[in-house]
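Residue numbers (our numbering): 1 to 407. Presented below is the structure to which this report refers.
Set out below in structure tokens:
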């Protein structure tokens with residue numbers, strides 16, 4: 001029974017025209033190649049769902065004014081002119097006040113050294129200075145801290161001794177002097193307190209622990225070393241300084257950037273900027289130079305090495321195999337040698353038939369297409385460089401290489 005079936009199948013196959021047999025053979029070969037290629041292709045992994053952060057909107061902010069660049073420029077120019085005018089007026093007033101104060105101090109010294117009291121020349125000069133100060137006050141220029149020249153000086157009596165000042169003028173003069181000296185004392189004390197307060201300084205080698213707020217996929221190619229991936233860290237401990245000293249930098253932010261290392265499967269992170277906001281709204285920001293240490297005590301954060309090049313290489317290999325089979329199936333013209341009995345031997349070339357033309361076009365087209373697909377997958381494999389995945393929430397240690405002053 002089996003022999004009869006095989007004979008029937010063979011007979012039907014031989015009865016088919018050559019064109020049909022060729023088409024069926026190519027279809028069967030193509031189907032087998034597709035089945036073999038599917039074994040090398042891995043299913044795509046499902047993309048990880050990213051948690052969408054809720055949008056935060058602030059509806060209490062005032063609506064900004066619609067101002068153009070020309071309006072802002074005009075306002076700035078007018079403000080600058082007013083400021084320059086005020087500066088020039090203040091400089092002129094301060095210059096006059098310094099000159100008057102110098103002359104008053106000289107006259108006061110001469111008055112104290114003189115045993116006969118104030119002379120007429122001194123009184124004349126004092127009256128001139130009084131007139132100048134009154135003119136300045138009428139113009140609206142504050143005299144600054146210059147002593148009031150309206151205070152009367154003791155008038156010499158017949159015996160040549162200076163008399164006592166009127167009680168009212170003496171009281172005004174006393175109050176004025178107390179006010180000026182009090183302001184000066186307060187200003188000096190505030191300046192001294194500010195100068196005596198030390199500026200926080202983190203020395204080289206200082207370290208603190210921080211939480212990585214956002215993860216990263218650190219590339220391992222050479223381009224990533226010139227353009228590293230950024231990240232933000234939040235400090236959770238005090239900074240540990242040498243000789244068991246410490247400084248409070250809790251809840252400050254540190255900006256870091258890094259790239260992946262293929263050999264060690266770690267991400268190398270370097271610090272960029274340290275920013276803090278203290279009580280009262282005072283902000284501090286400084287450039288810091290340091291590196292990040294992982295949980296295992298080694299430089300860099302260990303991560304997962306992810307590479308998707310193998311899938312693309314397998315697809316390129318499958319396309320290349322198909323291209324090779326199609327090239328092998330391309331029909332070629334073979335020269336024919338005819339040997340006749342008459343002695344006229346000649347070589348003839350078999351002419352192309354429509355069937356051979358069709359077979360050649362299909363095979364060459366499939367071969368070139370498969371070759372181009374193979375090159376495309378190879379280019380994708382070159383672009384898909386391996387990355388080192390670092391998850392958010394990692395607790396790492398930041399170590400400073402150079403000291404930094406927190407201002």
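Even glycine gets a Cβ: it sits at the ideal position worked out from N, Cα and C.
The C-beta distance from residue 301 to residue 234 rounds to 15 Å, too long to meet the 8 Å contact threshold.
Counted as a single uninterrupted DSSP element, the beta strand (DSSP E) harbouring residue 293 occupies residues 290 to 293. Note that the C-beta distance between residue 308 and residue 384 is below 7 Å. Apart from sequence neighbours up to five positions away, the residues of its chain that approach residue 404 with a beta-carbon distance below 6 Å are 202, 286 and 288, ordered along the chain.
The C-beta distance from residue 207 to residue 398 rounds to 6 Å, short enough to fall under 8 Å. For residue 384, the three-state secondary structure derived from DSSP is coil.
In the structure shown, residue 100 adopts helical secondary structure according to DSSP, grouped into three states. Taking a contact to require three or more Cβ pairs closer than 8 Å, the region 369 to 379 and the region 246 to 265 do not qualify as touching.
Under DSSP, residue 260 forms a beta bridge with 267. Rounded to the nearest angstrom, the gap between the Cα atoms of residue 366 and residue 318 is 13 Å. Between residue 291 and residue 270, the CB-CB gap stays under 7 Å. Residues of the same chain with a CB within less than 6 Å of the CB of residue 391, apart from the 5 flanking positions on each side, are 215 in chain order.
If you compare the alpha carbons of 314, 359 and 264 with that of residue 38, the shortest gap goes to 314. Non-local beta-carbon contacts of residue 250 in its own chain, meaning distances under 8 Å to residues more than five positions away in sequence, involve 235, 236, 237 and 238 in chain order. Taking C-beta atoms under 8 Å as the contact rule, residue 396 and residue 204 fail to qualify, at a distance of about 19 Å. Rounded to whole angstroms, the Cβ separation of residue 107 and residue 125 is 7 Å, and the two are in contact under 8 Å. Beta-bridge partners of residue 217 (DSSP): 389.
Using a Cβ distance threshold of 7 Å, residue 306 and residue 223 do not count as a contacting pair.
Around the CB of residue 212, 16 or more other CB atoms lie within 10 Å, so the residue is classed as buried. When DSSP states are grouped into helix, strand and coil, residue 79 belongs to the helix group.
Secondary structure at residue 201: strand, using DSSP grouped into helix, strand and coil.
The alpha carbon of residue 330 has as its nearest neighbour, out of 297, 361 and 72, the alpha carbon of 361. When rounded, the separation of the alpha-carbon atoms in residue 81 and residue 132 is 27 Å.
Of all alpha-carbon atoms in 369, 368 and 356, the one lying nearest the alpha-carbon of residue 23 is that of 356. For residue 318, the secondary structure class from DSSP, reduced to helix, strand or coil, is helix.
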